[in-house]
Amino acid sequence: GVEALLRWQHPEKGVIQPSDFVDVVEDCGLMVALGEWMIDTTCKQIKVWQEAGLKDQNISMNLSPRQFKEQDLVALFTKAIAENGIEASSLSVEITERTLIDNIGEVESTLKKLRAMGMKILLDDFGTGYASLAYLKEFPVDVVKIDRAFVTGIPDSQEDSHIVDAIAGLTRGLKLALLAEGVENERQLDVLKSIGCQYAQGYYWSKAIPGDEYEQFYMNQIYNIG
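In structure tokens, the structure reads:
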């Protein structure tokens, strides 16, 4: 699977990272429109990959608190899935701890409906927010993502290693899957495997690439080319 990441291809400045423009999008009141575009574009991309022969693909995308407040996310996903003839299980949604504690009732209700459709729910940047650990038990979360800030330090940083190990133990106890982001080398990967981390993402496998380039990347991995 892959994560859908926003990039702005500026005609003069080149690629602009989301950290440099998402706040502006929020301030201008365009986040809802951008979120709707991203849902539609993601579903279209899955359809393109399916037609190219890439089976069982899953794309995760980030949802903002404003989308839960101002959009009917269930209706948007239902429409985009139907129009592109894909399965809801091809999609996962990522939320942050901030999203969980912002308008709790509406967020919980929406996540339960999306999950009932067949989508997985990922809790992003775990350990960097302020949500109660009880939310992991109460909310429909399937996968916890360890923030890259902790992954970067392992195995050399004893503090980061202890934090990662503690998160792994917590998710095991709650029967949740664990995903580490920001993996850059085999030493980090070995540590994550040893503590039972099921999934990982990062530059160890690939930098962020456009959807059409992913097709070739995927085929290379499947057939061990390159």
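Under the numbering used here, think of the first position of the sequence shown as 896, with each following residue one higher.
Ideal Cβ placement from N, Cα and C applies to all residues, glycine included.
Trp-1100 sits in coil when the DSSP states are folded into three classes, being neither helix nor strand.
Counting other Cβ atoms within 10 Å of its Cβ, Gln-904 stays below 16 and is therefore classed as exposed. With respect to Ile-1041, Glu-1081 sits apart: the two C-beta atoms are not nearer than 8 Å. Sequence-distant partners of Ile-1104 (beyond 5 residues in either direction) whose C-beta falls short of 8 Å from its own C-beta, in its chain, are Phe-1112. Setting aside the 5 residues that flank it on each side, Gln-966 is surrounded in the same chain by Val-927, each with a C-beta closer than 6 Å to its C-beta; the list follows chain order. The count of Cβ pairs closer than 8 Å, one atom from the stretch 938 to 955 and one from the stretch 982 to 999, reaches three, so the stretches are in contact. Membership of Val-1036 in any beta strand (DSSP E) is not indicated, and neither H nor E is assigned to it by DSSP. Per DSSP, the continuous beta strand (DSSP E) segment holding Phe-1021 begins and ends at 1015 to 1021. Ile-1058 counts as buried, since at least 16 other C-beta atoms from the protein chains shown sit within 10 angstroms of its C-beta.
Nearest C-alpha to Ala-970 among Lys-1008, Arg-961, Asp-951: Lys-1008.
With 16 or more other Cβ atoms inside 10 Å of its own Cβ, Ala-975 counts as buried. Asp-1037 and Ala-1072 do touch by the CB rule: their CB atoms are close to 6 Å apart, below 8 Å. Counting only residues of its own chain and dropping the five nearest sequence neighbours on each side, Asn-957 has a CB closer than 7 Å to the CB of Glu-989, Asp-1019. Within the stretch 1024 to 1090, the alpha helix (DSSP H) runs of at least 4 residues that lie entirely inside it are, in chain order, 1029 to 1033, 1043 to 1046, 1053 to 1068, 1081 to 1089. DSSP places Asn-1115 in the uninterrupted alpha helix (DSSP H) bounded by 1106 to 1117. Apart from the 5 residues on each side of it in sequence, Gly-1106 sits with its Cβ closer than 6 Å to the Cβ of Gln-940 in its chain, given in chain order. Note on Ile-934: 16 or more other CB atoms within 10 angstroms of its CB, so buried under the neighbour-count rule. Within the stretch 981 to 1012, complete beta strand (DSSP E) segments of at least 3 residues are found at 986 to 990, given in chain order.
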